[in-house]
Amino acid sequence: MIDEVKRDYSDEQIDKLAHRLQGTCDSIEKALEELEFEKEMTISDCNELDQKVFCCEVCEWWYEISEMDEENEWECCGCNEE
Numbered sequence: 025m026i027d028e029v030k031r032d033y034s035d036e037q038i039d040k041l042a043h044r045l046q047g048t049c050d051s052i053e054k055a056l057e058e059l060e061f062e063k064e065m066t067i068s069d070c071n072e073l074d075q076k077v078f079c080c081e082v083c084e085w086w087y088e089i090s091e092m093d094e095e096n097e098w099e100c101c102g103c104n105e106e
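The sequence shown begins at 25 in my numbering and counts up by one.
Next up, the structure:
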């Protein structure tokens with residue numbers, strides 16, 4: 025059974041990961057490797073990251089959560105305007 029509340033990364037580490045991803049089209053795995061974070065992310069870690077940044081489903085770039093289009097979740101405002 026998966027422990028849905030377990031977190032392997034601290035708030036500070038999630039903040040670093042979010043900052044590292046923002047403005048890139050890199051994978052989470054690549055960012056974890058570059059930050060030398062060796063544990064796999066848990067569901068709770070991913071949920072925490074989703075509160076800070078998101079990867080646009082159209083352009084595949086990472087943005088702050090505030091830049092998510094209100095009408096089309098998981099799309100950035102820029103892609104929705106096109």
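In this text, a Cβ means the ideal position worked out from N, Cα and C, and glycines have one as well.
How many Å lie between residue i and residue j at the Cα?
i	j	result
residue 59	residue 93	29 angstroms
residue 63	residue 101	32 angstroms
residue 57	residue 44	11 angstroms
residue 37	residue 95	30 angstroms
residue 52	residue 74	12 angstroms
Please name the residue or residues paired with residue i in a DSSP beta bridge.
i	result
residue 86	79
residue 92	100
Report, in whole angstroms, the separation of the C-beta atoms of residue i and residue j, which I expect to be a contact under 8 angstroms.
i	j	result
residue 42	residue 77	5 angstroms
Determine whether the beta carbon atoms of residue i and residue j lie at a separation below 9 angstroms.
i	j	result
residue 70	residue 103	no
residue 68	residue 40	no
Helix, strand or coil for residue i? Go by DSSP, reduced to three states.
i	result
residue 100	strand
residue 34	coil
residue 54	helix
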